[in-house]
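In our numbering, the protein residues as written are 1267 to 1367. Each residue gets a CB set at the ideal place from its N, CA and C atoms; glycine is no exception. Working notes, structure below.
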(Lines of atoms letter the chains of each structure in order from A and count residues from 1; the text may use other names and numbers.)
(Lines give C-alpha, C1' and ligand atoms only; values in the text may rest on other atoms or scores of the structure.)
Protein backbone atom coordinates (compact mmCIF):
# COMPACT_ATOMS: atom_id res chain seq x y z
CA UNK A 1 0.00 0.00 0.00
CA UNK A 2 2.82 2.38 0.83
CA UNK A 3 4.34 1.74 -2.60
CA UNK A 4 1.09 2.70 -4.32
CA UNK A 5 0.78 5.90 -2.29
CA UNK A 6 4.38 6.85 -3.05
CA UNK A 7 3.92 6.03 -6.73
CA UNK A 8 0.73 8.11 -6.92
CA UNK A 9 2.43 11.06 -5.22
CA UNK A 10 5.46 10.93 -7.53
CA UNK A 11 3.25 10.59 -10.59
CA UNK A 12 1.16 13.59 -9.59
CA UNK A 13 4.30 15.67 -8.98
CA UNK A 14 5.74 14.71 -12.34
CA UNK A 15 2.55 15.36 -14.31
CA UNK A 16 1.46 18.57 -12.59
CA UNK A 17 3.49 20.99 -14.76
CA UNK A 18 2.52 19.15 -17.97
CA UNK A 19 -0.82 20.80 -18.54
CA UNK A 20 -2.33 24.26 -18.54
CA UNK A 21 -5.94 25.28 -18.02
CA UNK A 22 -6.83 28.62 -19.57
CA UNK A 23 -9.43 30.89 -18.00
CA UNK A 24 -11.00 31.46 -21.43
CA UNK A 25 -10.65 29.53 -24.69
CA UNK A 26 -7.99 30.78 -27.10
CA UNK A 27 -9.42 32.86 -29.94
CA UNK A 28 -6.25 33.10 -32.08
CA UNK A 29 -4.19 29.91 -32.36
CA UNK A 30 -0.88 29.29 -34.14
CA UNK A 31 0.74 25.87 -34.55
CA UNK A 32 4.43 25.38 -35.28
CA UNK A 33 4.43 21.82 -36.63
CA UNK A 34 2.21 19.84 -38.99
CA UNK A 35 1.35 17.31 -36.28
CA UNK A 36 0.34 20.10 -33.91
CA UNK A 37 -1.89 21.51 -36.65
CA UNK A 38 -3.66 18.18 -37.09
CA UNK A 39 -4.14 17.81 -33.33
CA UNK A 40 -5.46 21.36 -32.98
CA UNK A 41 -8.05 20.76 -35.71
CA UNK A 42 -8.97 17.41 -34.16
CA UNK A 43 -9.49 19.19 -30.82
CA UNK A 44 -11.96 21.59 -32.45
CA UNK A 45 -9.71 24.65 -32.76
CA UNK A 46 -10.08 24.97 -36.54
CA UNK A 47 -12.20 28.13 -36.42
CA UNK A 48 -9.57 29.82 -34.26
CA UNK A 49 -6.47 28.95 -36.29
CA UNK A 50 -4.67 31.99 -37.70
CA UNK A 51 -1.32 30.52 -38.79
CA UNK A 52 0.53 27.24 -39.20
CA UNK A 53 3.94 25.92 -40.14
CA UNK A 54 4.95 24.95 -43.65
CA UNK A 55 3.83 21.48 -44.71
CA UNK A 56 0.68 21.72 -42.58
CA UNK A 57 -1.58 20.26 -45.25
CA UNK A 58 -4.21 18.38 -43.27
CA UNK A 59 -6.98 19.17 -43.00
CA UNK A 60 -7.34 21.02 -46.29
CA UNK A 61 -8.27 24.29 -44.50
CA UNK A 62 -4.75 24.48 -43.02
CA UNK A 63 -3.30 25.09 -46.48
CA UNK A 64 -5.12 28.43 -46.68
CA UNK A 65 -3.59 29.85 -43.47
CA UNK A 66 -0.53 32.08 -43.12
CA UNK A 67 2.72 30.13 -42.70
CA UNK A 68 4.95 31.34 -39.87
CA UNK A 69 7.52 28.54 -39.57
CA UNK A 70 9.41 26.01 -41.65
CA UNK A 71 12.44 23.75 -41.34
CA UNK A 72 14.72 26.80 -41.26
CA UNK A 73 13.06 28.39 -38.26
CA UNK A 74 10.23 30.50 -36.93
CA UNK A 75 9.23 33.94 -38.22
CA UNK A 76 8.83 35.65 -34.84
CA UNK A 77 7.94 39.02 -36.33
CA UNK A 78 5.03 37.57 -38.31
CA UNK A 79 3.79 35.71 -35.23
CA UNK A 80 3.84 38.90 -33.16
CA UNK A 81 1.86 40.75 -35.85
CA UNK A 82 -0.87 38.07 -35.69
CA UNK A 83 -1.27 38.56 -31.90
CA UNK A 84 -2.01 34.92 -30.99
CA UNK A 85 -3.62 33.85 -27.72
CA UNK A 86 -2.07 30.39 -27.98
CA UNK A 87 0.99 29.00 -29.76
CA UNK A 88 1.27 25.22 -29.94
CA UNK A 89 4.85 24.04 -30.53
CA UNK A 90 6.83 20.85 -30.51
CA UNK A 91 9.97 21.13 -28.34
CA UNK A 92 12.44 19.60 -30.79
CA UNK A 93 10.92 20.62 -34.11
CA UNK A 94 12.68 23.91 -34.78
CA UNK A 95 16.30 25.06 -34.58
CA UNK A 96 17.37 26.81 -31.39
CA UNK A 97 17.80 30.57 -31.51
CA UNK A 98 19.39 32.89 -28.99
CA UNK A 99 16.89 34.35 -26.54
CA UNK A 100 15.68 37.91 -27.02
CA UNK A 101 16.60 40.20 -24.16
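Checklist entry - DSSP state of residue 1286, grouped into three classes? => result The residue labelled residue 1286 in the question sits at position 20 within the chain shown. Coil, per DSSP.
Checklist entry - CA-CA distance, residue 1280 and residue 1340? => result Your numbering for residue 1280 matches position 14 in the chain shown. Your numbering for residue 1340 matches position 74 in the chain shown. Cα to Cα, residue 1280 sits roughly 30 Å from residue 1340.
Next on the checklist: Just to confirm my understanding: we take residue 1324, look at its own chain, exclude 5 residues before and 5 after, and list those with CB closer than 6 Å. What are they?
Outcome noted: For the purposes of this step, residue 1324 is taken as residue 58 along the chain shown, with counting starting at 1. 1304, listed in sequence order.
Checklist entry - Assuming residue 1295 and residue 1350 make a contact with CB atoms under 8 Å, what is their CB distance in whole Å? => result Position 29 of the chain shown, counted from the start, is the residue given in the question as residue 1295. Position 84 of the chain shown, counted from the start, is the residue given in the question as residue 1350. Right, the Cβ-Cβ distance comes to about 6 Å (below 8 Å), so this counts as a contact.
Checklist entry - Three-state secondary structure (DSSP) at residue 1315? => result Counting from one through the chain shown, the residue named residue 1315 turns up at place 49. Strand.
Checklist entry - Nearest CA to the CA of residue 1330: which residue from 1315, 1355 and 1353? => result Here the question's residue 1330 lines up with position 64 in the chain shown. It is 1315 whose Cα lies nearest to the Cα of residue 1330.
Item to check | Three-state secondary structure (DSSP) of residue 1326 | outcome: Residue mapping note: residue 1326 aligns to position 60 of the chain shown, counting from 1. In the three-state scheme derived from DSSP, where H, G and I count as helix and E and B as strand, residue 1326 is classed as helix.
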